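Numbering (the working numbering), first residue to last: 1385 to 1831.
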Amino acid sequence: MLIVDVCILGGGLAGLYAAYLLQRLRLKIVIFEREKRPGGLLKSINLDGYVFDIGGSHVIFSKNKEVLNQILNLIPGGTIRHYRNSRIYYGGRYIKYPFENSLYQLDPQERYQCLRDFINALIRRAKGEFKIPKNFTEWCYQTFGESICNKYLIPYNEKIWKVSTDELSSTWVAGRVPNPPIDDVIKAAVGIPTEGYKHQLNFYYPISGGIESLVRGIIGSFDSNVILKLRAEVSKVRREDDLYIVRVGSDEFLCKKVISTIPLPELLNRLPHNDVPKELIGLIPKLAYTSLIVIGIGGKPKNLYDFHWIYFPQPEIPFHRLAILSNYSKSMAPKGKISLIAEVSFKPNDKINVNDLINRSLDYLDKLGFIRKSDVECVTYRVWRYAYILHNHDYEYVRKTLIKFLDNYGIVTLGRFGSWRYLNMDQVVMDVFNVLKSKILDDIGNP
């Protein structure tokens, strides 16, 4: 049996950043990652000069300047600063994102409908006519009015989440769904351009290597006390007195602390059944999420769009988001070529015909003017079982109950999937720092 101080389950951003912070304590740390490459969703692949962020489009931004600088300083080779140019495909044109800030780009009748319903919702809120929203649909209608919701917000969210917005709670919207100042919507309706979702208006991206450059930067900072084990899937975790035993293959590791960043259902299923109350085992299937297929496409562009990413609420278009990675950095594609990723969400147990999905996606990319099917030089894809945490009506109770059990069991949970929260990269970094400061450093000792 091998003896270490800390076992970290999962080698994605949360697990790697936890090791990065903890190594200052001179602890023996081992990270277990089941795949052959670390990084989780922050993976980039290079195929004949085309670089694809095969875990989806990830850019670097934060309201917290200290966190932002911490992330940027970890990226070898530096970053590029961009002024966001994201779009929504609507009515056969590419209008600015967010939708409510681009009303001036709509036809006059639609512009009137959106402004009328927005003001009506505003008046009804001021009069106290609305009850507390029971779901995301009601929150949308109360915040934006029916027209903006029916034209974009509800179709897009039902497309990405794969459920009716009636089934979603409204607890997750802060920081996720732009909630514009009233003045901005009025300006947009009368033709004065405004910007929304401003904390993401400027973002950063690695000059070379794709988003995985951040992962390489973190790993490059590890000292000899941090061991990263790849193709090392944890099969069991059990507590014995004040210590923990982690089984990986035929090996067992004895440690003082376990930090889990693997998906919450996977962790709970790796604990001894006798240690988990039956009523909690029954809650595990209620941890809802959506899965994702990311398709990478490279070749000669049909049109030289300068967009960064585009949202597609239309149900007939297979992908909900398209990112032009070669506009993030020129290094993402050979000179004169384009590197794209199309993101397609699906329910975890859906059977997907990937070849058909790729062909339909290529057809639409041709129709939409991005790349002719005959000019495609490179196609790849990756399926991710865990992609987005689904905030349904069971979410708050189920998550709180299971996390409380793990806290009492002594296992620290971190990151999007470990703590089962829909976190951006900067939020993951903040979460890791704050949780380690409150739970780990106090238990093991300060630097």
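Glycine residues also receive a C-beta, built at the ideal position from the N, C-alpha and C atoms.
A quick note: this is a predicted structure, and the numbers were derived from the prediction, not measured.
Between the beta-carbon of H1775 and that of W1556 there is about 4 angstroms, and that keeps the pair under the 8 angstroms contact cut. Taking a C-beta distance under 8 angstroms as the contact criterion, L1499 and L1487 qualify as a contact pair. Counting along the chain, the unbroken alpha helix (DSSP H) around D1568 starts and ends at I1566 to V1574.
Of all C-beta pairs linking the segment 1679 to 1689 to the segment 1758 to 1766, three or more are shorter than 8 angstroms, placing the two stretches in contact. Residue pairing from DSSP places F1436 in a beta bridge opposite I1429. Per DSSP, P1661 lies in no beta strand (DSSP E) segment and is marked neither H nor E. Residue pairing by DSSP places C1762 opposite G1682 in a beta bridge.
In this model, Y1689 and S1710 are separated by some 11 angstroms (Cα to Cα). The beta carbon of D1750 lies closer than 6 angstroms to those of R1756 and K1757 in the same chain, with the five residues before and after it left out. R1471 carries a strand assignment under DSSP once its states are collapsed to helix, strand and coil. Per DSSP, the beta-bridge partners of P1590 are T1463. If you look at T1797, you'll find it in the beta strand (DSSP E) that goes I1795 to T1797. Distance from the Cα of I1591 is smallest, within the candidate group R1508, T1463 and Y1404, for T1463. When DSSP states are grouped into helix, strand and coil, Y1481 belongs to the coil group. In terms of Cα proximity to V1816, the closest of G1476, A1402 and G1395 is A1402. By the C-beta density criterion, V1569 is buried, having at least 16 other C-beta atoms within 10 angstroms.
L1614 counts as exposed, since fewer than 16 other beta carbons sit within 10 angstroms of its beta carbon.
Around the beta-carbon of H1692, 16 or more other beta-carbon atoms lie within 10 Å, marking it buried. V1782 is positioned such that its CB atom lies no closer than 8 angstroms to that of L1652.
H1583 counts as exposed, since fewer than 16 other C-beta atoms from the protein chains shown sit within 10 angstroms of its C-beta. With distances taken between CA atoms, G1433 lies nearest to S1715 out of S1715, C1391, Y1779 and P1656. In the DSSP assignment, the residues bridged to N1776 are L1552. Assignment of G1476 by DSSP, reduced to helix, strand and coil, places it in the coil class.
When secondary structure is reduced to three states using DSSP, F1637 falls in the strand class. Looking at the DSSP output, T1674 bridges to Y1772.
For C1391, the uninterrupted beta strand (DSSP E) run begins and ends at V1390 to L1393, by DSSP. The beta carbon of S1446 is closer than 6 angstroms to those of L1452 and D1810 in its chain, skipping five residues each way along the sequence. Where Y1628 is concerned, the enclosing beta strand (DSSP E) starts and stops at L1627 to V1632.
Residue pairing by DSSP places V1728 opposite I1677 in a beta bridge.
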